[in-house]
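Numbering (the working numbering), first residue to last: 1293 to 1873. Glycine included, C-beta positions come from ideal geometry on N, C-alpha and C. Source: prediction; values computed, not measured.
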């Protein structure tokens, strides 16, 4: 019969469980924390002999309420979030029936699974370092249970021993990490709640990008081969919008195709590597005009680059872009009517378009006239524009005169179309922050931007940014400089270190930490598939063996090591807990 849980064992199990839950608390339903507190207090009262162990009926009721709570919080469909929450519920409820060391073994195994599950919600270097805390605490709990009869217990010694066990496991872990083949998942579950993913969407209303500009979340990092281009040359394309319904811009259904457009390289290309955060969307961020070397992505007919599958984890890719390329200059533009589509309304803007068309002969001249109008008239760049009525473009151009980049891009596209010029809105990011420690560019959500493309026969597509005419400092130096003295930067994130870039020592620490995270994501998390195979091929180049044979050798060595450790454990007659694990 298994021994009963001692007071020391219970203390360490509760501490390890709390540390494990801390890694998940921000990602799981709020009521789960209350459930853990209830179960922990109940188990303490059981030890104090003030409450009995719960009857079977109560345990069934608690499990049923937990399942109902999962359905209420996350919906009825079975998703990745609900699967992790169900695991966490079992992990928490096991506490109130924790009676013997056998129960403790089950709790420890569930705890280690929950530590692994925490990486589904965050894969940063900080998360990896913190995961060592609950792992060491679970090892301490194992040590305490095995030495229940030992006197003179020293918590410091047990912590030191558990830390040493982790260090001793590092060599085997490194061998497995470097050489063990990466297999794709045998199954996948949809993620229920993507609301925590901040980023661009496939629809743009005037205030949407202004909302993004309140977020300091990282969008992607870029490392250039050679000199980094100027800030005003960094226009990161994500999507193009060619349909306007009077309120928002979107992609017309079937309006773009996978047929690669014709373009001709001119000037000097830019070569760069992008490390992109998960977006749950298929599009990539590139500079114009991109030559796509990736097998899973392609250049679409509207010059955006799209992947076959959404980006659900950190993705690294290389690109070659030709910023001075000529795009569809001699072709007859396909789908011209879609690029001239406008809903009814906004008569003042239409009248202005007619006037421009009569006064100027070419699309380039009309576009330049509009930019001059924005520069000379009393227009304002702001994150908090005045509300617009039903005639949104008219209200903005002739009444409020205040708006964000989406206001200016949408209004200019409307007028160009009304003048008979094919035009569309491009959304993505503009600029970025150069990290002097790691020599790369960090692009954040507050760098989200919208600009305009119009087409002229013999010239092709031309990009123009009306925001640069109103607030040139936004394009040349970034959003923070554009808002200086007018509005607070990241006022919804008072604790963001990006707000304190003027404090030199604090900014230097932030950049060093970000550089460490970049290296972690690129060299550790990015060590997958082709990267691993390429590294092993370089490592074993002198050998005539194929790489698959080396996989077999490594696998055999690992199996032998594991078998050797198991024999040592059996010879030492360790406790059943270790043999079970």
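Hey, quick one: how far does the alpha helix (DSSP H) through residue i stretch, first residue to last?
i, result
"residue 1469", "1447-1471"
"residue 1339", "1323-1339"
"residue 1309", "1299-1314"
"residue 1722", "Premise fails: residue 1722 lies in the beta strand (DSSP E), 1715-1722, not in any alpha helix (DSSP H)."
"residue 1425", "1417-1438"
Near residue i, what residues of its chain come up, given a Cβ to Cβ distance below 7 angstroms and the 5 sequence neighbours on each side ignored?
i, result
"residue 1602", "1572, 1573 and 1574"
"residue 1876", "The chain is shown only over 1293 to 1873; residue 1876 falls outside these bounds and no answer can be derived."
Go ahead and pull the three-state DSSP assignment for residue i.
i, result
"residue 1699", "helix"
"residue 1727", "strand"
"residue 1614", "coil"
"residue 1760", "helix"
"residue 1680", "coil"
"residue 1369", "coil"
"residue 1577", "coil"
"residue 1796", "helix"
"residue 1543", "coil"
"residue 1389", "helix"
"residue 1571", "coil"
"residue 1789", "helix"
"residue 1587", "coil"
"residue 1374", "helix"
"residue 1354", "helix"
"residue 1850", "helix"
"residue 1771", "helix"
"residue 1396", "helix"
"residue 1819", "coil"
"residue 1608", "strand"
"residue 1864", "Unreliable placement is indicated for residue 1864, whose pLDDT of 49 sits below 50; no coordinate value is reported for it."
"residue 1711", "coil"
"residue 1873", "Residue placement at residue 1873 is flagged as unreliable, the pLDDT there being 45, under the threshold of 50; the coordinate-derived value follows with that caveat. It is coil, neither helix nor strand."
"residue 1343", "coil"
"residue 1643", "helix"
"residue 1826", "helix"
"residue 1630", "helix"
How close, in whole Å, do the beta carbons of residue i and residue j come, if the pair is a contact with beta carbons under 8 angstroms?
i, j, result
"residue 1758", "residue 1700", "4 angstroms"
"residue 1426", "residue 1308", "6 angstroms"
"residue 1403", "residue 1430", "5 angstroms"
"residue 1555", "residue 1581", "5 angstroms"
"residue 1634", "residue 1710", "6 angstroms"
"residue 1510", "residue 1569", "6 angstroms"
"residue 1885", "residue 1721", "Limits of the chain in this structure are 1293 at one end and 1873 at the other, which puts residue 1885 out of reach."
"residue 1698", "residue 1746", "At roughly 17 angstroms, the Cβ-Cβ gap does not stay under 8 angstroms, so residue 1698 and residue 1746 are not in contact."
"residue 1590", "residue 1532", "Not really, about 15 angstroms apart at Cβ, beyond 8 angstroms."
"residue 1729", "residue 1611", "Not a contact, Cβ separation roughly 23 angstroms."
"residue 1655", "residue 1748", "4 angstroms"
"residue 1738", "residue 1771", "5 angstroms"
"residue 1494", "residue 1543", "6 angstroms"
"residue 1877", "residue 1467", "With the chain covering 1293 to 1873 only, the question about residue 1877 has no answer from this structure."
Tell me which residues share the same chain as residue i and place their Cβ nearer than 6 angstroms to its Cβ, disregarding the 5 neighbours each side in the sequence.
i, result
"residue 1486", "Only weak support exists for where residue 1486 lies, its pLDDT of 48 falling under 50; the value from the coordinates is given anyway. Here the set comprises 1572."
"residue 1547", "Note that residue 1547 scores 49 on pLDDT, short of 50, meaning its location in the model is unreliable and no value can be drawn from it."
"residue 1435", "1450"
"residue 1361", "1323"
"residue 1410", "1315 and 1316"
"residue 1381", "1358"
"residue 1506", "1784"
"residue 1793", "1799"
"residue 1413", "1319"
"residue 1387", "1331 and 1335"
"residue 1488", "With a pLDDT of 47 at residue 1488, under the threshold of 50, the modelled position of this residue cannot be trusted, and the question is left open."
Following the continuous beta strand (DSSP E) through residue i, name the residue where it begins and the one where it ends.
i, result
"residue 1755", "1752-1756"
"residue 1568", "1562-1568"
"residue 1745", "1740-1748"
"residue 1734", "1732-1736"
"residue 1599", "1597-1599"
Please find out if some non-hydrogen atom of the ligand GDP comes closer than 8 angstroms to the beta-carbon of residue i.
i, result
"residue 1634", "In terms of ligand content, the structure shown is empty, and the ligand GDP therefore cannot be addressed."
Less than 8 angstroms between C-beta atoms, sequence neighbours within five positions excluded: which residues of the same chain meet that for residue i?
i, result
"residue 1855", "none"
"residue 1390", "1297, 1302, 1305, 1335, 1396 and 1399"
"residue 1455", "1428"
"residue 1869", "Per-residue confidence for residue 1869 stands at a pLDDT of 45, beneath the threshold of 50, marking its modelled position as unreliable; no derived number is given."
"residue 1344", "1338"
"residue 1465", "none"
"residue 1504", "1490, 1491, 1492, 1737, 1738 and 1740"
"residue 1415", "1605, 1606, 1813 and 1817"
Compare the C-beta of residue i with all C-beta atoms of chain C and state if any pair is closer than 9 angstroms.
i, result
"residue 1763", "In summary, chain C is missing from the structure at hand, where a single protein chain is found."
*Quick one: which unbroken alpha helix (DSSP H) runs of 4-plus residues sit fully inside the region 1647-1677? Chain order, please.*
As for any alpha helix (DSSP H) of minimum length 4 sitting wholly inside the region 1647-1677, the runs are 1655-1668, ordered along the chain.
*What runs of the beta strand (DSSP E), each 3 residues or longer, lie entirely inside the region 1481-1530?*
The region 1481-1530 contains these whole beta strand (DSSP E) runs: 1510-1516.
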